[in-house]
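Numbers 10 to 290, taken from our numbering, label the letters of the sequence shown in order.
Note that CB positions come from ideal geometry on N, CA and C, so glycine has one too.
Values in this document were obtained by computation on a predicted structure and should not be read as measured data.
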Amino acid sequence: MTKKLSGYISLIMIIVLFSLTLVGCGNAKNDQGASGDSSEEVKSSLDKIKDSNKIVLGTSADYPPYEFHKQIDGKDEIVGFDIEVAKEIAKDLGVELEIKDMDFDGLLAALDTGNVDFVVAGMTATDDRKKSVDFSKEYYTEDQGLLIPTADKDKYQSIDDLKDLKVGAQKGTVQEEVAEEKIEGAQVKTLAKITDLVLELKNGKINGLVLAIPVAEAYAAANPDLTLSPHIDLGKGDGIAIAVKKGNQELVDIMNATIDRLMEDDTLDKFIQDATALSEE
Ligand code: ARG
Numbered sequence: 010m011t012k013k014l015s016g017y018i019s020l021i022m023i024i025v026l027f028s029l030t031l032v033g034c035g036n037a038k039n040d041q042g043a044s045g046d047s048s049e050e051v052k053s054s055l056d057k058i059k060d061s062n063k064i065v066l067g068t069s070a071d072y073p074p075y076e077f078h079k080q081i082d083g084k085d086e087i088v089g090f091d092i093e094v095a096k097e098i099a100k101d102l103g104v105e106l107e108i109k110d111m112d113f114d115g116l117l118a119a120l121d122t123g124n125v126d127f128v129v130a131g132m133t134a135t136d137d138r139k140k141s142v143d144f145s146k147e148y149y150t151e152d153q154g155l156l157i158p159t160a161d162k163d164k165y166q167s168i169d170d171l172k173d174l175k176v177g178a179q180k181g182t183v184q185e186e187v188a189e190e191k192i193e194g195a196q197v198k199t200l201a202k203i204t205d206l207v208l209e210l211k212n213g214k215i216n217g218l219v220l221a222i223p224v225a226e227a228y229a230a231a232n233p234d235l236t237l238s239p240h241i242d243l244g245k246g247d248g249i250a251i252a253v254k255k256g257n258q259e260l261v262d263i264m265n266a267t268i269d270r271l272m273e274d275d276t277l278d279k280f281i282q283d284a285t286a287l288s289e290e
């Protein structure tokens with residue numbers, strides 16, 4: 010009897026232990042599933058793009074002629090020369106292009122989390138950013154200027170005349186640094202969207218807006234009450250490149266080949282001319 014009982018107890022214990030082991034295995038599996046994110050992180054961006062048959066672009070479409078919203082046949086579309094470059098990259102990869110429009114200062118984080126596969130957003134390849142992402146070769150350079158009310162066209166003759174001025178700059182951009190470093194005593198207002206800063210400028214809340222010159226010209230063309238200051242030079246030659254998540258050299262190589270192709274046959278120049286014309290329409 011006692012033997013039988015202890016036999017039962019042993020049997021029950023074996024069953025319990027066995028099921029615990031199963032649960033344990035289950036957990037181990039789950040852990041793997043959770044870190045499946047991490048095994049996915051190990052998976053290169055290129056593999057992810059090929060598996061899903063699409064590449065997701067992150068951009069901030071407030072930057073004409075690079076990327077901007079335009080009504081085309083009554084439909085809101087994101088256009089610009091960066092978008093054309095992105096389309097060519099998708100074409101060379103043989104995948105679909107999906108565009109995600111977001112705030113400029115959220116783009117690098119979106120790359121990091123895998124929310125987007127590449128960023129084409131008139132992004133300057135700064136040393137600081139190179140610490141967190143990989144860049145393609147530079148495909149464009151921009152100079153910096155100041156967008157001001159047309160009424161103030163000749164008010165500022167040199168940077169010294171900008172002392173203590175209220176100026177705007179897009180949050181997280183090179184222009185924010187330019188405003189702070191080059192204009193003595195500047196009261197710098199930063200906002201996520203350039204379109205909102207343009208409104209601030211039109212309403213007299215700020216006196217100037219630091220922008221890359223082609224962008225300032227595009228906004229000036231669309232808004233006759235605004236002008237690129239003809240006398241203010243805020244810096245020259247910032248190289249623009251495409252960003253991908255760090256550690257994706259293979260993807261960078263493919264993008265560089267596309268950039269080479271577009272630069273060699275002057276397609277890129279044509280993209281820039283067309284986008285500039287479209288932004289000034
Ligand atoms: N080139 C500047 C930078 O990288 C500004 C880029 C802003 N781009 C945009 N799509 N709003 O900081």
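Pick helix, strand or coil for residue i, following the three-state DSSP scheme.
i	result
residue 183	helix
residue 201	coil
residue 32	Because the pLDDT at residue 32 is just 49, under 50, the model does not fix this residue reliably, and the value given afterwards should be weighed accordingly. In this structure, residue 32 counts as helix in the three-state DSSP scheme.
residue 108	strand
residue 128	strand
residue 85	strand
residue 287	helix
residue 96	helix
residue 64	strand
residue 103	coil
residue 217	strand
residue 79	strand
residue 267	helix
residue 133	strand
residue 71	strand
residue 44	Note on residue 44: pLDDT 41, under 50, position unreliable in the model; the coordinate value appears next. Residue 44 falls in the coil class under three-state DSSP.
residue 52	coil
residue 274	coil
residue 123	coil
residue 282	helix
residue 38	A caution first: residue 38 carries a pLDDT of 38, below 50, which makes its placement in the model unreliable, though a value can still be read off. In this structure, residue 38 counts as helix in the three-state DSSP scheme.
Please work out which residues of its chain come closer than 8 angstroms, Cβ to Cβ, to residue i, disregarding the five sequence neighbours upstream and downstream, and give them in chain order.
i	result
residue 116	67, 68, 69, 125, 128, 130, 132 and 252
residue 176	155, 188, 192, 195, 196, 197, 198, 215, 216, 217, 218 and 219
residue 107	63, 64, 65 and 66
residue 227	73, 74, 77, 285, 288 and 289
residue 257	53, 54, 55 and 143
residue 264	98, 127, 145, 251 and 253
residue 119	67, 109, 111, 125 and 128
Taking 9 angstroms as the CB-CB limit, is residue i close to chain D?
i	result
residue 195	Within the model displayed, chain D is absent; a lone protein chain is all it includes.
State the CB to CB distance for the pair residue i and residue j, rounded to an integer number of angstroms; the pair is presumed to be in contact (CB under 8 angstroms).
i	j	result
residue 168	residue 104	Their Cβ separation, rounded to whole angstroms, is 46 angstroms, which puts residue 168 and residue 104 out of contact at 8 angstroms.
residue 250	residue 151	Residue 250 to residue 151, Cβ: 12 angstroms. No contact.
residue 235	residue 159	6 angstroms
residue 222	residue 153	7 angstroms
residue 137	residue 201	Going by Cβ atoms, the distance from residue 137 to residue 201 rounds to 19 angstroms, so no, they are not a contact pair.
residue 114	residue 181	3 angstroms
residue 225	residue 237	4 angstroms
For residue i, which residues of its own chain have a beta-carbon under 6 angstroms away from its beta-carbon, when the five flanking residues on both sides are left out?
i	result
residue 280	90 and 93
residue 172	193 and 194
residue 255	142 and 143
residue 260	54, 55 and 253
residue 239	none
residue 203	71 and 179
residue 277	271
residue 273	none
Apart from the five residues on each side of it in sequence, which residues of its chain come closer than 7 angstroms, Cβ to Cβ, to residue i?
i	result
residue 85	78
residue 35	For residue 35, the predicted model reports a pLDDT of 43, less than 50, meaning its position is unreliable; a value from the coordinates is still stated below. So the list is empty, once near-sequence residues are dropped.
residue 282	none
### Query
At which residue ranges does the stretch 137-198 contain complete alpha helix (DSSP H) runs of 4 or more residues, listed in the order of the chain?
183-191
### Message
Please give the ranges of any beta strand (DSSP E) in the stretch 222-262, keeping only runs that are unbroken, at least 3 residues long and fully inside the region.
### Response
235-237, 247-249 and 252-254
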